[in-house]
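Visitor: There's a structure below that I have some questions on.
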Ligand code: ANZ
Ligand code: ZN
Ligand code: ZN
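Numbering (the UniProt record's numbering), first residue to last: 1 to 825.
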């Protein structure tokens, strides 16, 4: 038997044995066990498994192992999110075909993932770029299409000139491409969209019933961005035309001194014949279109705009004529694309009005003293001061508003709406999701376009003549193996050049038709993968209904907080839609969600290859062992916070494991009761802490216990076995090895979590109160059930008590067991 902990040998040995014995293979049901679906975010195969992956997967696996030991039938699957830009861009950079690159990486990463020693059931592995998988991605696309939730339209889209692709709003960070950092521009392209906006309200209200980090919920709520307000109609003088404006503050209508149209507003075209400065207006519009949304709405930027000379609108509240402007701070894609501007009560309008000398009319008086809540009053006072009283965005008392004067603004809000026959309206910031990508490496969109049917105004949907869904029996639409996979300058998918791919038969008239050549955004693939794991090999359905019922929804989902908006929102949308179509019996995919923090480099920086401060998991696994890496990741700090990598920290946990390796036990050793108690306290603490993902405190409890074992020098084999069991989720290889050495024939990873004795856990000491003539004079911690005789001995030997009793005669001693002793003098 070797004397040193040879992690490489031990890891290899157990990986083989576990695989052979199939101890991690999951059945869909096991008698007397409840199913528990434990999920981590599956990786992109864009290169190596990095330490961030390890930080998601290793501690999460500790949790999965606890659930197994607690008697749950745990499904903890893994797979690869293998379609999409990250893999494709990396492949292009290396001049390798995306498919070759992706599958080569999957091979490497599978080995790396296996070294973690997790409970993954590899027979359930899914790869989203496999036709067996994307057949169902396409099938879901068709269900969305058939239910009116997928449609094609020409839309201004975010275009990354470097990636040659469209990006969803969610993929544009501060005006730049999330993938490559290039500045994003606007481009009008025919696009496929999913109507996620139909689900805005459900996506909001569903948040209330799930156990997710509050921060994540807030980000989703803000992204959906619900606003309550009204739509107010303004007629345009001397025309039949009118402008609708969405406002959250109809109470300020009497103060609306001008209207603003977004540069894209269609009314501008209708008004062209009357606009006196048309040249100037057109020039302005052309310029605005080149800006991104961010550049246009940046509050710090100087406001720009042009008045439409020669046209006026009528304010419906006071019938005054007001000018109409076009300005790019108003977005075409929100509300009605037009606003009523109230410079006295809106900061953006104020800045604009000041610059262009448009009249400002106050209609709300902040009347600070009437703000009932003192805190709100203070806030109001501060804002009033800060803005020099120029504009006021809060509530107050109505002024300059005819019969509404004197009323609180909250009340006037809906009365004024009614007065001008406005409509109350709820508005969401959420936009429909653009899912088409003009790129190669994705699931082809399973649609066919027939020119003849289009000409004859036929089609599966009225508003999209010529478009047909590929018949379900013809799925999957295979992604062809093309030589030229590079994105094209003209913004068309490379598939457009594949004659073999594009030519198809029209499902309706049988004539020659063409396939859609765009592929789907990779977020479509990852919006439903958790459903597939429950039945990954099914070729008849995306998953069997019985299996869905058995496993879903996911009990706990652990992954990075960077996916709070995109992936998590899209997944919720898919689940809700599939539930409405009758394929699922639940409408929230992830009941509980937790995020791990981010691991920084030793010098507290983000790890990046260019900085050269990346910790490579393969290296440290080779050097210290997978157990040490797992343990260190658990130990380094609170899981949701992450922190800097500490090279001495991993040395420390490795030393801990070496000490565990050297432990000796005797079958019938008599341990002292303190050690026994600590063992039971440790069982409880480790279990409780893992349950709430406090891995670091669980590890320190294990460390404290090891110290005590070493101090006492006596350890029974039974206690040793228990210690190994509670260590096993963290260090599965070492625990298994030592368990075997103890003489066990079956895996420690099939053992139940040890029970603790609650009586043993309670401290058997209490605080004895010492009174003299009924007054408390001292307190001392003593053993429970101490006798009067023993208590007296201790009490009378205390200096403090001796002083009190100096020269006094003790008349009587009253002893209340386990509470107090009263000396009467
Ligand atoms: C008049 C008004 C007066 C407004 C006032 C505010 C304060 P949220 O809360 O984000 O929904 N708005 C409406 N459509 C817009 C668009 N397409 N582009 C830019 N701004 C737009 O904001 C709603 C408010 O944002 C609306 O209410 C409108 O300005 C502006 F004292 O109307 B308000
Ligand atoms: Zn890019
Ligand atoms: Zn046809």
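Ideal Cβ placement from N, Cα and C applies to all residues, glycine included.
Please return the same chain residues whose Cβ sits closer than 7 Å to the Cβ of residue 139, not counting the five positions on each side in sequence.
Guide: Answer for residue 139: 472, 475 and 542, listed in chain order.
Visitor: With DSSP collapsed to three states, give me the class of residue 38.
Guide: Three-state DSSP puts residue 38 in a strand.
Visitor: Using the beta-carbon of each residue, find all residues closer than 6 Å to any heavy atom of ligand 2 and list them in chain order.
Guide: That query returns the following residues: 160, 162, 163, 177, 179, 180 and 182.
Visitor: Please state whether DSSP places residue 78 in a helix, a strand or coil.
Guide: Coil, per DSSP.
Visitor: Please work out which residues of its chain come closer than 7 Å, Cβ to Cβ, to residue 410, disregarding the five sequence neighbours upstream and downstream, and give them in chain order.
Guide: These residues qualify, in order along the chain: 395.
Visitor: Who does residue 260 pair with in a DSSP beta bridge?
Guide: Bridge partners of residue 260: 325 and 339.
Visitor: Below 7 Å, is the gap between the Cβ of residue 511 and the nearest heavy atom of ligand 3?
Guide: Residue 511: yes, Cβ under 7 Å from ligand 3.
Visitor: By Cβ distance, which residues of its chain are closer than 7 Å to residue 242, with the 5 residues on each side in sequence left out?
Guide: Within the same chain, residue 242 has close Cβ partners 233, 234, 235 and 236.
Visitor: Sort 341, 288 and 273 by Cα distance to residue 311 and report the nearest one.
Guide: Here the closest residue by C-alpha is 273.
Visitor: Distance, Cα to Cα, residue 671 vs residue 713?
Guide: Their backbone Cα atoms lie some 9 Å apart in a straight line.
Visitor: Kindly give me the distance between the Cβ atoms of residue 425 and residue 230, rounded to whole angstroms, as I take these residues to be in contact under 8 Å.
Guide: About 6 Å separates the two Cβ atoms, so the contact holds.
Visitor: In angstroms with no decimal places, state the Cα-to-Cα distance between residue 812 and residue 824.
Guide: Roughly 5 Å between the two C-alpha positions.
Visitor: Taking Cβ positions, are residue 102 and residue 87 nearer each other than 8 Å?
Guide: Result yes, Cβ atoms of residue 102 and residue 87 sit closer than 8 Å.
Visitor: Can you give, in chain order, each stretch of the beta strand (DSSP E) that sits fully within the stretch 452 to 529 and has at least 3 residues?
Guide: Fully enclosed beta strand (DSSP E) runs of 3 or longer: 467 to 469, 503 to 505 and 512 to 515.
Visitor: With burial defined as no fewer than 16 other Cβ atoms inside 10 Å of the residue's Cβ, what is the status of residue 826: buried or exposed?
Guide: This structure leaves residue 826 out entirely; the chain is present only between 1 and 825.
Visitor: Do you know whose CA, among 336, 357, 43 and 534, lies nearest residue 429's CA?
Guide: Among 336, 357, 43 and 534, the Cα nearest to that of residue 429 belongs to 336.
Visitor: For residue 594, does the three-state DSSP call read helix, strand or coil?
Guide: Residue state, collapsed to three classes: strand.
Visitor: State buried or exposed for residue 45, treating a residue as buried only when at least 16 other CB atoms are found within 10 Å of its CB.
Guide: By the 10 Å Cβ count, residue 45 comes out buried.
Visitor: Can you tell me the Cβ-Cβ gap for residue 554 and residue 203, rounded? I've got them flagged as a contact below 8 Å.
Guide: Not confirmed; about 17 Å, so no contact.
Visitor: I want to check one thing, is the minimum distance from the CB of residue 246 to the heavy atoms of ligand 1 below 7 Å?
Guide: It does: the Cβ of residue 246 is within 7 Å (strictly closer) of some heavy atom of ligand 1.
Visitor: Pull up the DSSP beta-bridge partners for residue 68, would you.
Guide: Answer is none; residue 68 lacks a bridge partner.
Visitor: Do you know whose CA, among 575, 216, 59 and 801, lies nearest residue 629's CA?
Guide: Closest option to residue 629, Cα to Cα, is 59.
Visitor: Which whole-angstrom value is the C-beta distance of residue 259 and residue 327, which I expect to be below 8 Å?
Guide: Actually they do not touch by this definition, with Cβ atoms about 10 Å apart.
Visitor: Starting from the C-beta of residue 750, find all residues in its chain whose C-beta is less than 8 Å away, skip the five residues before and the five after it, and write them out in chain order.
Guide: Answer for residue 750: 23, listed in chain order.
Visitor: To test your reading of the DSSP string, which unbroken beta strand (DSSP E) runs of 3 or more residues are found completely within the stretch 701 to 734?
Guide: Runs of the beta strand (DSSP E) inside the stretch 701 to 734: none found.
Visitor: Cβ of residue 457 versus every heavy atom of ligand 3: is any distance shorter than 7 Å?
Guide: Answer for residue 457: no, Cβ out of range of ligand 3.
Visitor: Alpha carbon to alpha carbon, how far is residue 635 from residue 598?
Guide: About 14 Å.
Visitor: Compare the C-alpha of residue 78 against each of 343, 168, 639 and 529 and name the closest.
Guide: Out of 343, 168, 639 and 529, 529 has the C-alpha closest to the C-alpha of residue 78.
Visitor: What residue range is occupied by the uninterrupted alpha helix (DSSP H) comprising residue 624?
Guide: First-last of the alpha helix (DSSP H) with residue 624: 617 to 624.
Visitor: What does a CB cutoff of less than 7 Å around residue 386 pick up in its chain, not counting 5 residues either side in sequence?
Guide: Because residue 386 sits at a pLDDT of 44, beneath the cut-off of 50, its placement in the model cannot be relied upon, and the point is left open.
Visitor: Flag this pair as touching only if the stretch 28 to 43 and the stretch 59 to 69 have three or more C-beta atom pairs under 8 Å; answer yes or no.
Guide: The stretch 28 to 43 vs the stretch 59 to 69: in contact.
Visitor: Between residue 369 and residue 397, what straight-line distance do the alpha-carbon atoms span, to the nearest angstrom?
Guide: Its pLDDT being 47, under 50, residue 369 is placed unreliably in this model, and the value from its coordinates should be taken loosely. Taking the straight line from one Cα to the other gives about 11 Å.
Visitor: Below 8 Å on the Cβ atoms is my contact criterion, and I expect residue 577 with residue 193 to pass it. Report the Cβ-Cβ distance as a whole number of Å.
Guide: Going by Cβ atoms, the distance from residue 577 to residue 193 rounds to 14 Å, so no, they are not a contact pair.
Visitor: On the criterion of 16 or more Cβ atoms from any shown chain inside 10 Å, does residue 737 qualify as buried, or is it exposed?
Guide: Answer is buried; the Cβ neighbour count reaches 16.
Visitor: Quick one: is residue 545 buried, meaning 16 or more other Cβ sit within 10 Å of its Cβ, or exposed?
Guide: It counts as exposed.
Visitor: Can you determine whether any heavy atom of ligand 3 sits closer than 7 Å to the C-beta of residue 508, and answer yes or no?
Guide: Yes.
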